[in-house]
Ligand SMILES: Cc1ncc(COP(=O)(O)O)c(C=O)c1O
């Protein structure tokens, strides 16, 4: 038995090895065709992912940030509109709103799950609210049913940020299929991750899908007929080959993540000072990240890293307090749950292929440090 001395936050080598031969064959075929943009692999992946999701249309994009911007713009969100996003998310959720021309309005998250808090959303909506973006954070779905009740009442759109939740389900339905549209990211470390940047817009509406596709192709579906102001955001052909290979394994790999999370739950049960993550009722979690909360987090993180444990923070600064999004009217203390959590959250290493010995090493080191 090998003695574990270091554990990275994410190790993509195990996944790469499982699909290496398949990807090589697929890439060889692309090279043989010299058809480097679009082509059968992109169309096939979009089709296969839509089948996996169980409903909706999938439109590949260059990355997840574009996927969200495309979703918003395809739905008609524009300047003058307000869009509500959680304060605790990756900054891309808010960037997409601003790039679509709309105004970002923040709301707080729930203390138990760190998912968008419907009560805080209620306080954030105005007569200019055009959309609400619940973020399916860390691998579990936000309470979309409660958010849907709000959007239905005020006549707004529901756009899911499904970047961290490929394969997650709520009451049996897949992340990305419950909104008017969704954006997802296939950044390499995601549950369904490419070998580079990639993303997709998902929508149940054929006309929204058509608009999404043309927005990412310079506003054009027929060459040189530009019916809208678009940009270039296409799913790369070589990445589509990788995603097709990984999609076939997504459920099995998510199951490995669930087993690893259950092992952490058990190993951490008697470690004082470590608050384990909570799963919202009705959710099938896919553990994109395993996020605990500890006091004195920065010291704990530094000591873990010094001991070779690649823990991380998702995210150290709530978006409303970043230099990019700080507004004069948004004071520190506006979103107390997100702000307190940002000082306590700690993501432990978790990925398909992580071993029990590695997890025991992480928890033993954490126990000693805390
Ligand atoms: C919650 C969330 N939204 C959006 C994105 C943006 O995706 P990308 O990096 O592919 O642009 C990410 C990932 O990076 C994310 O984690």
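Residue numbers (this note's numbering): 17 to 386. We put the beta carbon where it would ideally sit given N, CA and C, even for glycine.
query                                                                                                             : result
Closer than 7 Å: residue 156 CB and nearest ligand 3 heavy atom                                                   : Within the structure as shown, ligand 3 is missing, the only ligands being ligand 1.
Residue 57 to residue 260 span [Cα, whole Å]                                                                      : 8 Å
Inter-stretch contact (C-beta, 8 Å, three-pair minimum) for the stretch 70-86 and the stretch 109-123             : yes
N-terminal and C-terminal residue of the beta strand (DSSP E) that residue 147 is part of                         : 145-148
Buried or exposed by the 16-neighbour rule on C-beta atoms within 10 Å, applied to residue 306                    : buried
Pair within 8 Å by beta-carbon distance, residue 98 and residue 118                                               : yes
Any non-hydrogen atom of ligand 1 within 7 Å of residue 252 CB                                                    : no
Rounded distance between the beta-carbons of residue 191 and residue 202, thought under 8 Å                       : Their Cβ separation, rounded to whole angstroms, is 14 Å, which puts residue 202 and residue 191 out of contact at 8 Å.
beta-carbon residue 179 near ligand 1 non-hydrogen atom, thresh 7 Å                                               : yes
Residue 42 - containing beta strand (DSSP E), residue span                                                        : First-last for residue 42: 29-49, but that is the alpha helix (DSSP H), not the beta strand (DSSP E).
Where residue 136 sits in the DSSP three-state scheme                                                             : helix
Cα-Cα separation, residue 232 to residue 251                                                                      : 9 Å
Straight-line gap, residue 272 to residue 142 (C-alpha atoms, nearest Å)                                          : 43 Å
Residue 275, buried or exposed, once every other Cβ within 10 Å from all chains shown has been counted against 16 : exposed
Best match in 88, 188, 311 for proximity to residue 218 [C-alpha to C-alpha]                                      : 88
Residue closest to residue 197, alpha-carbon to alpha-carbon, out of 380, 290, 116, 178                           : 178
Alpha helix (DSSP H) segment containing residue 215, residue limits                                               : Careful: residue 215 lies outside any alpha helix (DSSP H), inside the beta strand (DSSP E) at 215-219.
Any non-hydrogen atom of ligand 1 within 7 Å of residue 388 CB                                                    : The shown model of the chain, from 17 to 386, leaves out residue 388, and the question about it has no answer.
Residue 290: first and last residue of the uninterrupted beta strand (DSSP E) it sits in                          : No beta strand (DSSP E) contains residue 290, which DSSP labels as neither H nor E.
Beta-carbon spacing of residue 371, residue 325 below 8 Å                                                         : no
Near ligand 1: residue 147 beta-carbon under 7 Å from a heavy atom                                                : no
8 Å Cβ cutoff met for residue 385 and residue 23                                                                  : no
Segment limits, alpha helix (DSSP H) that includes residue 222                                                    : 222-231
The beta strand (DSSP E) enclosing residue 122, as first and last residue numbers                                 : 119-123
Residues that residue 241 bridges to, as DSSP identifies them                                                     : 238
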